[in-house]
Every structure is written in C-alpha cells, then in structure tokens.
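For the record, in the sequence shown the residue sitting at position 14 is 7 according to the numbering used here, with numbers rising by one throughout. We treat Cβ as the ideally placed atom computed from N, Cα and C, and that holds for glycine. Encoded as structure tokens, the structure appears first; notes follow it.
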Amino acid sequence: MSTIERNAVPMDDDWESPAAVTLGKKVLEKDASRGYIRASFEAGDGFLNRGGRIFGGFLSAMLDGLCGHAVRLTHEKPGTPQVTLELKTSFVGRADKGSLIGEGWVRHRGKSIAFAEAELRNEAGELVAKGSATFKIGM
C-alpha cells in the first residue's frame, strides 16, 4: 500500500476512525449548521485504571473525538484534513464503566483554525469530563 492510499481520508461523512470504533462511539445526533455532535461511548473493562474508574486518557480521546467531529461537520469540502493542535481536559466527576453521552460543538471557526468544546456525562446525566481543543484545518 502506498503512502497516499494509507493516508487517504474517506469522503463518507459517516465514516468513523478505528479509534472511534475502539471507543464504542455511536452518533446520536449531528447538526452541521451549528457544528454540533451528540454521541455515546461504551467503556468496558479494558478502559479501567487500577482504581476501577475509566482511565483519563480514554476520556480525553472521547473529548478529542467529539471536538474533532464537530469541526469536521463544518467543512465545506468533505475529507478536508484537520489535526488537533491542543487539547485541554478537565476531569470533574466519577467515570465508571458503562455508557457515556458526549456533546461537542464548534465555538469559533476560521479559514485554517477552529476552536471546539465537548462534555461527557454518565448515564445519570452527571458531568464527568469536559474539554476544549484547537484544530488546524487543511495542511
């Protein structure tokens, strides 16, 4: 497989990365006009740290995926490349094994930079983690 084939970005807007599949991501709602995404994640035993809670790195990956998906929805041309430049995560609640519901939205979108935020909640609706991210659009 060539480098071009390996790095090709699928043009299907509903395509999910292998990372998102690993995180158990399922899109529940999306609104391209608002740059908004709502999705669920399924955290099983393989997501737990020694304390029996979801490892923070998995929560950060979920937040990054929500922010990135929200930004991706705002691209005029499907398949436009983007990369996370910065991700800040705040862990604010208990994250146990099971389902998490996340929301992500674009706060500002320029020609080459976008800013997005996301939140994750447990099944009871309690805030578990929140994050903000900066993205470079186009390469």
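* Identify, in the order they occur along the chain, each residue of the same chain with its Cβ nearer than 8 Å to the Cβ of Cys60, setting aside the five sequence neighbours on each side. => As a working note, residue 60 is residue 67 in the sequence shown. Closer than 8 Å at Cβ, skipping near neighbours: Thr77, Leu80, Gly97, Ala109, Glu110, Ala111, Gly124, Ser125, Ala126, Phe128.
* Which value, in whole angstroms, describes the spacing of the CA atoms of Phe51 and Pro74? -> As a working mapping, residue 51 is identified with position 58 in the sequence shown. As a working mapping, residue 74 is identified with position 81 in the sequence shown. Looking at the two C-alpha atoms, the distance is approximately 23 Å.
* Asked: With distances taken between CB atoms, is the gap from Gly28 to Leu66 smaller than 8 Å?
  -> Here residue 28 corresponds to residue number 35 of the sequence shown, with the count starting at 1. Here residue 66 corresponds to residue number 73 of the sequence shown, with the count starting at 1. The answer is yes: Cβ separation under 8 Å.
* Asked: Distance, Cα to Cα, Lys104 vs Glu69?
  -> For the purposes of this step, residue 104 is identified with residue 111 of the sequence shown, where counting begins at 1. For the purposes of this step, residue 69 is identified with residue 76 of the sequence shown, where counting begins at 1. Each residue's alpha carbon lies about 11 Å from the other.
* Whole-angstrom distance between Ile130 and Gly44, CA atom to CA atom -> Taking the first residue of the sequence shown as 1, we reach residue 44 at position 51. Taking the first residue of the sequence shown as 1, we reach residue 130 at position 137. Gly44 and Ile130 have their C-alpha atoms roughly 38 Å apart.
* Asked: When burial is assigned at 16 or more other CB atoms within 10 Å of the CB, is Lys19 buried or exposed?
  -> Stepping through the sequence shown from its first residue, residue 19 is reached at position 26. Around the beta carbon of Lys19, fewer than 16 other beta carbons sit within 10 angstroms, so the residue counts as exposed.
* Asked: Would DSSP call Ala25 helix, strand or coil?
  -> Against the sequence shown, residue 25 aligns to sequence position 32. Ala25 carries a coil assignment under DSSP once its states are collapsed to helix, strand and coil.
* For the beta strand (DSSP E) containing Val76, list its first residue and its last residue. => One-based indexing of the sequence shown puts residue 76 at position 83. Note, Val76: beta strand (DSSP E), 75 to 84.
* To do: Mind checking who Gly124 pairs with in its DSSP beta bridge?
  => Residue numbering aside, residue 124 sits at position 131 when the sequence shown is read from its first letter. Beta-bridge pairing links Gly124 to Thr82, Ala111.
* To do: Grab me the residues of Leu150's own chain with a C-beta within less than 7 Å of its C-beta, minus the 5 sequence neighbours each way, in chain order.
  => Outside the shown range of the chain, which is -6 to 132, sits residue 150, and nothing can be said about it.
* Under the three-state reduction of DSSP, which class applies to Phe48: helix, strand or coil? -> Taking the sequence shown and counting its residues from 1, the one referred to as residue 48 is at position 55. The three-state reading of DSSP puts Phe48 in coil, since its state is none of H, G, I, E or B.
* Asked: To the nearest angstrom, how far is it from the Cα of Ala63 to the Cα of Thr82?
  -> To locate residue 63, count along the sequence shown from 1; it is residue 70. To locate residue 82, count along the sequence shown from 1; it is residue 89. Separation of Ala63 and Thr82 (C-alpha to C-alpha, rounded to the nearest whole angstrom) is 17 Å.
* **Which of helix, strand or coil DSSP assigns to Ala88** => By one-based count along the sequence shown, residue 88 stands at place 95. Note: Ala88 maps to coil in three-state DSSP.
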